[in-house]
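Here the sequence shown is numbered in this note's numbering, starting from 4 and rising by one per residue.
The beta-carbon is built from N, C-alpha and C at its ideal position, and this holds for glycine as well.
Inspection log for the structure reproduced underneath, given as structure tokens.
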Amino acid sequence: MGIYFINPYLPVLFMLSYQHGYHAGNFADVIKHLTLTRLLNYLKLKDKPLFYLETHSGKGIYDLRDKQAEKTGEYKQGIQLIWPDRKQLPAEFKEYFETIKFLNQDEGLRYYPGSPFFAINALRMQDRLYLCELHPAEFDALDEMAHYNKKVHLSNNDGIHSMKALVPPPEKRGLIFIDPSFERKEEYKEIPLAIKQAFAKFSTGVYCLWYPVVNRKLTEQLIRGMKSIPSKNALRIEFNLTLAPKDGMTGCGLWIINPPYTLEAEMKSVMTALRSYFNPGVSSFILESETGQGAEK
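Shown next as structure tokens:
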């Protein structure tokens with residue numbers, strides 16, 4: 004078990020209803036976790052300890068045969084499409100597939116790791132992880148996940164508030180992974196503001212924000228908010244199944260502040276490969292640097 008902190012005054016009535024099990028392993032998870040593994044792979048190159056903070060952790064591990072996953076079947080249009088070709092895909096997929104393989108052991112694909120499992124599996128004994136999850140059932144499942152003797156702290160408090168309180172970390176090196184559900188429209192404005200406040204305290208950290216593409220106006224509002232953060236380097240990664248307006252999530256993106264210099268080229272390789280699996284012939288992607296020198300492919 005990890006060390007965890009409970010807020011006894013938090014009314015269950017106000018907890019968000021989002022549960023990621025319905026969406027685990029979908030195309031957005033694949034893109035998000037491939038980006039995360041590339042970030043972790045680079046940040047481990049230095050021996051110095053690293054602080055990893057995740058604001059919306061979820062369960063940590065998802066059973067693709069349970070009722071939630073089977074109800075939507077989203078993983079069938081995500082990880083299940085690329086898993087059979089794991090040995091043929093580019094080298095940038097290596098750590099991603101190795102983590103999934105480690106979780107499943109045999110050749111089957113039953114369990115899908117969430118971001119916390121990817122981080123725990125990748126990080127070292129000298130690194131420190133702080134995982135936040137507000138939903139009580141999701142938090143209980145997260146607490147049951149194996150930590151492999153890593154320095155893992157769990158919190159049942161609001162991750163965005165924790166982010167502002169926990170930076171700068173004593174390690175002076177950090178990856179802040181922000182993966183909200185965006186259930187409320189206000190989050191498209193509030194979250195960039197919170198990241199801006201955290202950045203003012205810890206400007207050398209790597210911040211990675213995942214976002215859904217559901218409403219293009221809200222997405223552009225979010226991007227404007229992220230562009231207002233005075234970072235010297237930032238990278239926008241976005242994958243769209245279609246550019247036509249449709250109901251539901253048609254794409255997803257990540258905004259990374261202080262990205263590794265290797266990330267843009269790595270993700271170009273990843274996105275190019277994924278276009279052949281996720282809505283081939285229609286899907287597209289964007290890689291855009293902070294200066295705007297990027298192009299849709």
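Using DSSP with H/G/I as helix, E/B as strand and the rest coil, what is S165? helix
Closest to N236 by C-alpha separation, out of F242, Y214, P262 and P215, would be which residue? P262
May I have the straight-line CA-CA distance separating D130 from D50, to the nearest angstrom? 10 Å
Spatial distance of H150 from A247 (CA atoms): 42 Å
Put L178 into one of helix, strand or coil per three-state DSSP. strand
I'd like to check one pair, L134 with S60: are the Cβ atoms closer than 8 Å? yes
Just checking my contact of L221 with F281 at CB under 8 Å: how many whole Å lie between their CB atoms? Actually they are not in contact, since the Cβ atoms of L221 and F281 sit about 22 Å apart, beyond 8 Å.
Assuming R278 is part of the beta strand (DSSP E), what are its boundary residues? Where R278 is concerned, there is no enclosing beta strand (DSSP E), given that its DSSP letter is neither H nor E.
When the Cα atoms are used, what is the spatial distance from K188 to Y214? 12 Å
Closer than 8 Å by C-beta to G297: which residues in its own chain qualify, once you throw out the five before and the five after it? Chain order, please. Residue placement at G297 is poorly supported in this model, since its pLDDT is 37, which falls under 50; the coordinates still yield a value, given next. Closer than 8 Å at Cβ, skipping near neighbours: R239, I289, L290 and E291.
Less than 8 Å between the beta carbons of G117 and L67, yes or no? no
Quick check: L132 and K154, are their CB atoms within less than 8 Å of each other? yes
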